[in-house]
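Protein chains: 2
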Amino acid sequence: MATQKYKRIPGGVCGVTGVTAAGLHCGMKANNEPDLALVASEAECNTAAFYTTNRLQGAHISVFKNRLRISRNNAMALLVNAKVANCSTGEQGVRDSNVLCNRVAAQLGVPAEQTLHASTGVIGRRLPMDKITAALPALCAALSKSGGEDAARAIMTTDAAPKSLCIQIGSGKGAYRIGGMAKGAGMIHPNMATMLAFVFTDAAISARALNPIARRVMNKTFNCISVDNDMSPNDTFAVFANGLSRVRIGPGGAPVEEFEDALECLCAELSRQMVLYGEGVTKVVTIEVERARTPAQARTMAMAIADSQLVKTAIFGNDPNWGRILSAACSCGADIDPARATLTIDGQTVFARGEPVSYRRRIMQGKEVHIRLDADNGQASAQRWTGDLSIEYVKINAEYTT
Amino acid sequence: MATQKYKRIPGGVCGVTGVTAAGLHCGMKANNEPDLALVASEAECNTAAFYTTNRLQGAHISVFKNRLRISRNNAMALLVNAKVANCSTGEQGVRDSNVLCNRVAAQLGVPAEQTLHASTGVIGRRLPMDKITAALPALCAALSKSGGEDAARAIMTTDAAPKSLCIQIGSGKGAYRIGGMAKGAGMIHPNMATMLAFVFTDAAISARALNPIARRVMNKTFNCISVDNDMSPNDTFAVFANGLSRVRIGPGGAPVEEFEDALECLCAELSRQMVLYGEGVTKVVTIEVERARTPAQARTMAMAIADSQLVKTAIFGNDPNWGRILSAACSCGADIDPARATLTIDGQTVFARGEPVSYRRRIMQGKEVHIRLDADNGQASAQRWTGDLSIEYVKINAEYTT
Numbered sequence: 000m001a002t003q004k005y006k007r008i009p010g011g012v013c014g015v016t017g018v019t020a021a022g023l024h025c026g027m028k029a030n031n032e033p034d035l036a037l038v039a040s041e042a043e044c045n046t047a048a049f050y051t052t053n054r055l056q057g058a059h060i061s062v063f064k065n066r067l068r069i070s071r072n073n074a075m076a077l078l079v080n081a082k083v084a085n086c087s088t089g090e091q092g093v094r095d096s097n098v099l100c101n102r103v104a105a106q107l108g109v110p111a112e113q114t115l116h117a118s119t120g121v122i123g124r125r126l127p128m129d130k131i132t133a134a135l136p137a138l139c140a141a142l143s144k145s146g147g148e149d150a151a152r153a154i155m156t157t158d159a160a161p162k163s164l165c166i167q168i169g170s171g172k173g174a175y176r177i178g179g180m181a182k183g184a185g186m187i188h189p190n191m192a193t194m195l196a197f198v199f200t201d202a203a204i205s206a207r208a209l210n211p212i213a214r215r216v217m218n219k220t221f222n223c224i225s226v227d228n229d230m231s232p233n234d235t236f237a238v239f240a241n242g243l244s245r246v247r248i249g250p251g252g253a254p255v256e257e258f259e260d261a262l263e264c265l266c267a268e269l270s271r272q273m274v275l276y277g278e279g280v281t282k283v284v285t286i287e288v289e290r291a292r293t294p295a296q297a298r299t300m301a302m303a304i305a306d307s308q309l310v311k312t313a314i315f316g317n318d319p320n321w322g323r324i325l326s327a328a329c330s331c332g333a334d335i336d337p338a339r340a341t342l343t344i345d346g347q348t349v350f351a352r353g354e355p356v357s358y359r360r361r362i363m364q365g366k367e368v369h370i371r372l373d374a375d376n377g378q379a380s381a382q383r384w385t386g387d388l389s390i391e392y393v394k395i396n397a398e399y400t401t
Numbered sequence: 000m001a002t003q004k005y006k007r008i009p010g011g012v013c014g015v016t017g018v019t020a021a022g023l024h025c026g027m028k029a030n031n032e033p034d035l036a037l038v039a040s041e042a043e044c045n046t047a048a049f050y051t052t053n054r055l056q057g058a059h060i061s062v063f064k065n066r067l068r069i070s071r072n073n074a075m076a077l078l079v080n081a082k083v084a085n086c087s088t089g090e091q092g093v094r095d096s097n098v099l100c101n102r103v104a105a106q107l108g109v110p111a112e113q114t115l116h117a118s119t120g121v122i123g124r125r126l127p128m129d130k131i132t133a134a135l136p137a138l139c140a141a142l143s144k145s146g147g148e149d150a151a152r153a154i155m156t157t158d159a160a161p162k163s164l165c166i167q168i169g170s171g172k173g174a175y176r177i178g179g180m181a182k183g184a185g186m187i188h189p190n191m192a193t194m195l196a197f198v199f200t201d202a203a204i205s206a207r208a209l210n211p212i213a214r215r216v217m218n219k220t221f222n223c224i225s226v227d228n229d230m231s232p233n234d235t236f237a238v239f240a241n242g243l244s245r246v247r248i249g250p251g252g253a254p255v256e257e258f259e260d261a262l263e264c265l266c267a268e269l270s271r272q273m274v275l276y277g278e279g280v281t282k283v284v285t286i287e288v289e290r291a292r293t294p295a296q297a298r299t300m301a302m303a304i305a306d307s308q309l310v311k312t313a314i315f316g317n318d319p320n321w322g323r324i325l326s327a328a329c330s331c332g333a334d335i336d337p338a339r340a341t342l343t344i345d346g347q348t349v350f351a352r353g354e355p356v357s358y359r360r361r362i363m364q365g366k367e368v369h370i371r372l373d374a375d376n377g378q379a380s381a382q383r384w385t386g387d388l389s390i391e392y393v394k395i396n397a398e399y400t401t
């Protein structure tokens, strides 16, 4: 794990100074599973947020954007519900999201414009406002330093496990922490951010400085994963920095590079867990494309391999069907000459410069699969993570009813 | 069926005057299933051929192209094998394909440059030359007017049924015939031609006149289907016209429009059968996008819907999950405003101008599913055909071993 560079601390988002969380069941999920999460910060957070590029967007996204615009990117509280996406619900969906934000703000005594709402679940269904509003007093009262896991569990839909993590960075200027939680199981093909990922830090950094760092990290982590090449309309990634560690990031303070690296490590691990716990996923696949002509071509080829149903079903079947991998990379329009390409699976070369190479059969058997394509056509490289395509994936998505 | 306009006649490609065919088992497929096909014409055929745009191409494709170049688009015999794609086999693959063409030419007594070879199957495996060459004398001897079905069966890989059809067009200038056979089950996402489709006609038309007609037809039929959005490296579509009906197409002869329409009807039905008999397909889905801003955007949205794993698994589950359909159309970069869009499934409006509409639940239950998206944003439209994504698809492709 890349995050092994940094000290892991318990609590998920609550590992961060001044952050409390809660998760409870308000009546949307079956089996009394938590379905409503709240995260709050004692101090205002400078915030950087990114949203799906799908033209279809959840109603919460316009509310989220609007409040951050009014607050000049300051936030103190975040409500998240699972089960209902509040997407394609028209103006009513926007009104519903605003009502929830305002209720939370009033109950916590924080400014309304600093209270945000995100949602995930089935498209086209209205939020059950009575259930959610009835649960808000208990949810606000439950905020605590031990609520991180409940919150991470509450934002799950078909995720096989909650995704929650906190690390501590001990810089020469004192220690600071970054904690995050994420949700994503299907409809994972991010092109801006992925499903839901919320990261809190007690480092002190302005929203203006935070934004480009968070964007670079997002492009190297959440935007590099694919489960099923369907892009969610509700994707949101936000980083909240409350400054309570009193460790300032930047000149005279802790190094920006270290902060960015730590944030990347945290987001990389949340991304990897999204794939690992993706719908029906039995194997995590890392795809590296090297020596491509341009960075865009490297990314396109890596994604073409990651998205190929035939590659993914072969991996599910433990079958090193390298022809499908090569075919996917060669069909995406990138400038690749198969006569120069070399393909390696789990460290074994299976195809070199236009011809198959004999290899030991026991590759692609493990829980982790590693595919490397050397295009021998330039200097650019790209990496992607994906999962296999299993019978369970089809079952989940054939049965996940409207 | 669109082909009901025209009289169906038996025999597949052999329904065409002067065309004979054969199919037999040479030892590649299990269970003595035919795996080697030969089609021959008594007279030279003016030929139009189109190939995959995948950068990875089967060795037979360079041989096919080269021979047609030398013969100035004249062909008399076509050998096709299933099971082994002869792709990614380097120079040896090219030599193998040439050897087979030359052997067939010698045995049939036709010019070598007028003898073509196509192959389909697993990528990266060499043709079993001994088995194939040993079978060639029997194959050539078996050519007959009743061999069309055997040939269509021999080119199948995981296809659930052979695809073979012949129609007769009774023009005022006399009758002529068009017969075709096709192969395609997975890796169906054509971008030039699809898997293998070979059409013969006894109409008289020059290769120069035939080419643009065949290209237009291909773009409206084979290029409109998708099974799993993986593009095969071996796709080839060719039309062979031997002129033996003595019905000339064009000024003074039978109308070009009628010929083009009949060819389109035939290719549309072969395309539809490819989806119907696609890997694990339980439902054939027709997707129509209307009033899009540009034809390219209409096509992109139709294909985004056709390719969405989540749409396809929902259809498999008989679930009218229209949110997934709308989300797919809105995520492909096309200029669509969901607040203006209307979505209809099996004739029922489920979403109109930004808001869900209540509908009768018993839609999407049949073997045929019809999806129509009205973007209300322009004049362009597009149509696509796809299948659902079933548990059987995953099983077939996880077990279809290298």
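Line by line, the protein sequences give chains A and B.
Residues in the first sequence are numbered consecutively from 0, following numbering that gives the first Met the number 0.
Residues in the second sequence are numbered consecutively from 0, following numbering that gives the first Met the number 0.
For each residue, glycine too, the CB sits at the ideal point set by N, CA and C.
- Counting other Cβ atoms within 10 Å of its Cβ, G22 of chain B reaches 16 or more and is therefore classed as buried.
- Sequence-distant partners of T281 of chain B (beyond 5 residues in either direction) whose C-beta falls short of 6 Å from its own C-beta, in its chain, are D387, S389.
- Under the three-state reduction of DSSP output, I390 of chain B falls in the helix class.
- In this structure, A333 of chain B lies away from D373 of chain B, with their beta-carbon atoms at least 8 Å apart.
- Judged by DSSP in its simplified three-state form, A159 of chain B adopts coil rather than helix or strand.
- At the C-beta level, A39 of chain B and L164 of chain B stay beyond 8 Å of one another.
- Taking a contact to require three or more Cβ pairs closer than 8 Å, the stretch 206-220 of chain B and the stretch 297-306 of chain B do not qualify as touching.
- L195 of chain B does not reach chain A, its nearest Cβ partner there being about 16 Å away, counting only Cβ pairs nearer than 8 Å.
- Taking all protein chains shown into account, Q364 of chain A has fewer than 16 neighbouring C-beta atoms within 10 Å of its C-beta and is therefore exposed.
- With the criterion set as a beta carbon lying under 9 Å from some beta carbon of chain A, the members of the stretch 305-324 of chain B are D306, S307, Q308, L309, V310, K311, T312, A313, I314, F315, G316, N317, D318, P319, N320, W321, G322, R323, in sequence order.
- The beta strand (DSSP E) runs lying completely inside the stretch 89-156 of chain A and spanning 3 residues or more are 114-118, given in chain order.
- Per DSSP, the beta-bridge partners of F350 of chain A are A:L342, A:P355.
- Neighbourhood of M27 of chain A in chain B, by CB distance below 7 Å: empty, with the nearest CB roughly 16 Å away.
- Between A84 of chain A and G120 of chain A, the beta carbon gap of about 5 Å places them in contact (Cβ cut-off 8 Å).
- Beta-bridge pairing by DSSP links W384 of chain A to A:I224, A:T285.
- Under the Cβ criterion of 8 Å, E148 of chain B is not counted among the residues facing chain A.
- The shortest C-alpha to C-alpha distance from G178 of chain A to any of A:P161, A:R125, A:F199 is the one to A:F199.
- Close partners of A181 of chain A in chain B (Cβ separation under 9 Å) are lacking, with about 20 Å as the shortest Cβ gap.
- Listed along chain A are G316, each with a C-beta nearer than 7 Å to that of E398 of chain B.
- The alpha-carbon of K182 of chain A is positioned some 15 Å away from that of G57 of chain A.
- Distance check between F221 of chain B and each of B:L135, B:L262, B:S270, B:A134 places B:S270 closest, using alpha-carbon atoms only.
- The beta carbon of G252 of chain A sits closer than 6 Å to those of K172, all from its chain and outside the five residues before and after it, given in chain order.
- In this structure, S225 of chain B sits away from M273 of chain B, with a CB-CB distance that is not shorter than 8 Å.
- Assignment of K366 of chain B by DSSP, reduced to helix, strand and coil, places it in the coil class.
- By the criterion of a C-beta distance shorter than 6 Å, T114 of chain A is surrounded in its chain by A76, C100, V103, A104, once the five residues flanking it on both sides are discounted.
- Assigned with DSSP and collapsed to three states, Q167 of chain B falls in strand.
- Around A338 of chain B, the same chain offers R352, G353 as residues with beta carbons nearer than 7 Å, after the five sequence neighbours per side are excluded.
- The distance from the Cβ of S87 of chain A to that of G123 of chain A is about 4 Å, consistent with a contact at the 8 Å cut-off.
- At a Cβ-Cβ threshold of 8 Å, R54 of chain B and I335 of chain A count as neighbours.
- Put simply, the CB of R290 of chain A is far from chain B, with every gap to its CB atoms at 8 Å or more.
- Closer than 8 Å to the CB of V368 of chain B there is not a single CB belonging to chain A.
- Taking 7 Å as the upper bound on Cβ-Cβ separation, chain A lies near residues N53, R54, L55 of the stretch 48-59 of chain B.
- For the alpha helix (DSSP H) assignment, the uninterrupted runs of no fewer than 4 residues enclosed by the stretch 15-80 of chain A are, from N- to C-terminal side, 58-69.
- Below the 9 Å Cβ cutoff, chain A contributes S87, G123 as neighbours of F350 of chain B, in chain order.
- Between A328 of chain A and the set A:D318, A:V356, A:A291, A:D345, the nearest pair of CA atoms involves A:A291.
- Under the Cβ criterion of 8 Å, A202 of chain A is not counted among the residues facing chain B.
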